[in-house]
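To start, the structure itself, in C-alpha cells.
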Amino acid sequence: MTKRLFGRTKAFATLTVAMLQIPRWLKAPDSQRRRHERAFFAMITRGFGINIAQHGAASATPGTLYIMNHISWADIPVMMTILDADFVAKSDMQDWPFIGGLARRFNPVFVARDERHRSHAQAAAIRARLNSGRSVILCPEGTTSDGASILQFRTSLFAAADAAAVIQPVILSYLMPNGAALSPDRRREVAWIDDDDLLSGAARLAKSETLARVDFLPPVKAMDDRKALAENIRQEMLLAYAAAPNRPK
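This is the structure we're talking about:
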C-alpha cells in the first residue's frame, strides 16, 4: 500500500480550496456550469489521492444510460470528472449538511429507493432526463459493496431504459496505484457501506494513493423486459469483472 505523507491533511486542504471555487460555480451561466463542475470534482479526486484510468470508449451519444456498479462515495467525483452525465442519487442526500445544496446544484435524478410504490414515477423522472438529451448514470445495486463482486440488481428503474439512445455498462474498480488488487482491508477502507460516516470514510480513503479504473463495456441492445435487460447487463458486467486484470479476490 502506498501511504500518502500527510494524506488526510492534503485531502481536506484540497477540499477547502475546492469549496472556495463554489461561489464562482454557483454564479456561472448554464453554458459554463458543467465545466466548473468537472473542474471541481477533478480537484477532489486528486486531493484524495485518486488517479483515474479509463479503458474503453464512453458513449458520446446524448441520452445514454450508463449502468454502473457502486463501491464508494468517491464514485461520484470519479465519474463526474470524466463524464457529462447526471447521477441517479438517493433522495436523502438532499438533507445532508452543505452537500445537499451542492448536490442539488449538479442536478442528479433524486429517487427514494425504499419507496417502491413510487418506482413508476421515479423511472419516469429518469426517462424524462434521457428524453431531454441528458445522459444518466444508474447504479442498480441500490447500495454499495467492497467491490469484490457485483451485487444483484434492483430492476424497477430499468423501466426507463426504453428512453435511452444507448445503454452502456460501466465497471468501476479501485486498485493499487500500480494496478494491483487492493488487500481486503484496503478495499474496506475505500468502500462506503451501510452506516459508514462520510467524514471518516473520506479520511480512510485519503491516507493512501488509489487508482480508480473505469471500464466502459460495449453498449447492449434494449429489451422489452426490464428484468431480462437487467440480468443480461449484470451478466455482461460479471464476465468483464472476472476477466479484468487484478480484480479483487
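With my numbering applied, the sequence shown covers 132 to 380.
Ideal Cβ positions, reconstructed from N, Cα and C, are used throughout, including at glycine.
Proximity to residue i [Cα-Cα], best of the options
i	options	result
Ile268	Trp323, Leu282, Gly138, Val240	Val240
Met354	Val345, Phe237, Ile364, Ala312	Ile364
Pro154	Ala144, Gly138, Phe171, Pro193	Phe171
Ser162	Ala375, Phe347, Asp215, Ala334	Asp215
Gln283	Ile207, Lys352, Ile198, Arg258	Ile198
Lys134	Arg335, Ser266, Tyr372	Arg335
Ala279	Leu348, Thr212, Gln253, Leu306	Leu306
Ile207	Val242, Ala189, Glu168	Glu168
Ala371	Asp356, Arg344, Lys358	Arg344
Ala311	Ala375, Ser222, Glu362	Ala375
Asn309	Arg166, Asn182, Lys358, Arg319	Asn182
Asn200	Ile281, Lys221, Ala252	Ile281
Lys352	Asp217, Ser263, Ala296, Val209	Ala296
Ile175	Met210, Asp217, Lys221	Met210
Cβ-based neighbour list, residue i, same chain, cut-off 6 Å, excluding 5 preceding and 5 following
i	result
Ala142	Gly178, Phe179, Ala337
Ser287	Ser250
Phe237	Glu168
Ser304	Arg344
Proximity of residue i and residue j at Cβ, strictly below 9 Å
i	j	result
Phe289	Pro271	yes
Ser266	Thr147	no
Gly187	Asp346	yes
Ile324	Met368	no
Leu348	Leu261	no
Thr212	Ala173	yes
Val242	Ala256	yes
Pro350	Ser190	yes
Through-space distance from residue j to residue i, alpha-carbon basis
i	j	result
Gly194	Pro160	22 Å
Met150	Lys158	14 Å
Leu360	Ile202	22 Å
Ala254	Ile298	15 Å
Asp326	Thr275	11 Å
Val219	Leu329	19 Å
Asp277	Ala205	13 Å
Arg373	Thr145	First, the residue type needs correcting, since residue 373 is Ala and not Arg in the sequence shown. If you take the alpha carbons of Ala373 and Thr145, they lie about 35 Å apart.
Gln152	Arg165	14 Å
Glu320	Gln366	27 Å
Lys221	Ala252	14 Å
Gln185	Lys358	29 Å
His356	Asp217	Reading off the sequence, residue 356 comes out as Asp, not His. When rounded, the distance between both Cα atoms is 24 Å.
Cβ-heavy atom distance, residue i to the ligand COA, below 8 Å
i	result
Ala373	The ligand COA is not part of the structure shown, which contains no ligands of any sort.
Close-in-space but distant-in-sequence residues of the same chain around residue i (CB under 8 Å, 5 per side omitted)
i	result
Arg318	Asp277, Gly278, Ala279, Tyr305, Pro379
Trp156	Arg164, His167, Glu168, Phe171, Arg236
Close beta carbons around residue i, own chain, < 7 Å, minus the five adjacent residues each side
i	result
Gly264	Pro193, Gly194
Gly332	Trp204, Trp323
Min CB distance residue i to chain B below 9 Å
i	result
Gln299	Included in the structure is just one protein chain, with no chain B present.
Legend entry - Inter-stretch contact (C-beta, 8 Å, three-pair minimum) for the segment 292 to 299 and the segment 338 to 346: no
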